[in-house]
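Novice:
Protein chains in written order, with my numbering: chain A, 96 to 253; chain B, 1341 to 1466.
1) How many whole angstroms separate the CB atoms of residue 154(A) and residue 209(A), which I take to be in contact at a CB cut-off of 8 Å?
2) Starting from residue 1360(B), trace the alpha helix (DSSP H) in both directions and tell me its first and last residue.
3) Using only the alpha-carbon positions, how far apart do residue 1358(B) and residue 1441(B) sit?
4) Assign residue 1360(B) to buried or exposed, taking buried as 16 or more other Cβ atoms, counted over all protein chains shown, within 10 Å of its Cβ.
5) Just grab the DSSP bridge partners of residue 238(A) for me.
6) If I measure Cβ to Cβ from residue 141(A) and keep anything under 6 Å in the same chain, skipping five residues before and after, which residues do I get?
7) Can you check which of these residues, 166(A), 207(A) and 193(A), is closest to residue 108(A) by C-alpha distance?
8) I'd like to check one pair, residue 1393(B) with residue 1423(B): are the Cβ atoms closer than 7 Å?
9) Could you check if residue 1398(B) is buried or exposed, using at least 16 other CB atoms within 10 Å of its CB as the buried criterion?
10) Compare the beta carbon distance of residue 1390(B) and residue 1417(B) with 7 Å and say whether it is the shorter of the two.
11) With a Cβ-Cβ cutoff of 7 Å, do residue 179(A) and residue 191(A) count as a contact?
12) Please list the terminal residues of the continuous alpha helix (DSSP H) segment that includes residue 1377(B).
13) Do three or more CB pairs link the segment 214-227 of chain A to the segment 134-148 of chain A at distances below 8 Å?
14) Can you tell me which of the three DSSP states residue 1396(B) falls into?
15) Quick one: Cα of residue 102(A) to Cα of residue 1461(B), how far?
16) Pair every Cβ in the segment 163-170 of chain A with every Cβ in the segment 181-190 of chain A, then say whether three or more of these pairs are closer than 8 Å.
17) Provide the residue span of the beta strand (DSSP E) that contains residue 1430(B), from first to last.
18) Only counting the same chain, and skipping five residues up and downstream in sequence, which positions put a Cβ closer than 6 Å to that of residue 1415(B)?
19) Assign residue 204(A) to buried or exposed, taking buried as 16 or more other Cβ atoms, counted over all protein chains shown, within 10 Å of its Cβ.
20) Of all the beta strand (DSSP E) runs that stay within the bounds of the segment 137-225 of chain A, which reach a length of 3 or more residues?
21) Which stretch, first to last residue, makes up the beta strand (DSSP E) that contains residue 1439(B)?
22) Is the distance from the Cβ of residue 241(A) to the Cβ of residue 131(A) below 7 Å?
23) Taking Cβ-Cβ distances shorter than 8 Å, what residues in chain B pair up with residue 118(A)?
24) If we count the other Cβ atoms within 10 Å of its Cβ and call it buried at 16 or more, is residue 1428(B) buried or exposed?
25) Going along the segment 156-180 of chain A in order, which residues come within less than 7 Å of chain D, judged by CB to CB distance?
26) So which residues of chain B does residue 190(A) contact, with C-beta pairs closer than 8 Å?
27) Report buried or exposed for residue 136(A), applying the criterion of at least 16 other Cβ atoms within 10 angstroms of its Cβ.
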């Protein structure tokens, strides 16, 4: 098994995320997801209408989250299910975004070829007035993707 | 005839149910290993294929698969692992434990449909 430094593991995981997000969205939901850019934040804080996150543990401790507005998540989940967007319940959206982050993190691990990191079950949040904060000593990377003229963000605290 | 999908994600279970219905199969759903064993106990004579997730709360898919393959009444039913775990070591473990196929998420509906038909010996019928 290849041994990477923590810095190299982080780099490979971020790179893996960048390529996995469009692949998951395009394959499952038949919509194009375009990488717009990435930045670093001071805090790992989530406040969008819908969010889902997965904890990484084992070889590296971290958190990966996906955030977006409800309209886009509704569109993506409806396309996955072949359902009418307006017919989806909050429970459908929560489960859908949880499965999206699950697939994104699984693909990230595979693309990065980092086998010794484990994924927690996903946690999903839906609502308007909340801020979720995760304490980390590393500045989180925030990647922005454009999907159907809406914005979807990936937050990586690694 | 029936297909059993075992996945903690309702989204994936609904997706598979839709594909199964299109192929003319009734799809039974289980959210975890324990539910799967209950459904198998009730319907094992009519289930022709099991689609099994790997990462589930509680017992994981590999543990569920090993238990299925130890049961005399269930072991003949082909199992497709449907999972985000794409590492080679996972594939090897699943095949060694008795999985017939391994399918990595994300997948298109066409890919999954084709894999189900292949497992059910329907590939020439469409």
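Backbone N, C-alpha and C fix where the C-beta goes; we use that ideal spot for every residue, glycine too.
Specialist: For this structure:
1) 7 Å
2) 1350-1362
3) 20 Å
4) buried
5) 133(A) and 249(A)
6) 160, 162 and 227
7) 207(A)
8) yes
9) exposed
10) yes
11) no
12) 1373-1383
13) yes
14) coil
15) 48 Å
16) yes
17) No beta strand (DSSP E) holds residue 1430(B); the alpha helix (DSSP H) holding it covers 1428-1436.
18) 1409
19) buried
20) 139-141, 145-153, 157-163, 212-214 and 218-221
21) Counting along the chain, residue 1439(B) falls outside any beta strand (DSSP E), and DSSP gives it neither H nor E.
22) yes
23) 1446
24) exposed
25) As a matter of chain content, chain D is missing from the structure shown, whose protein chains are A and B.
26) 1349, 1350 and 1351
27) exposed
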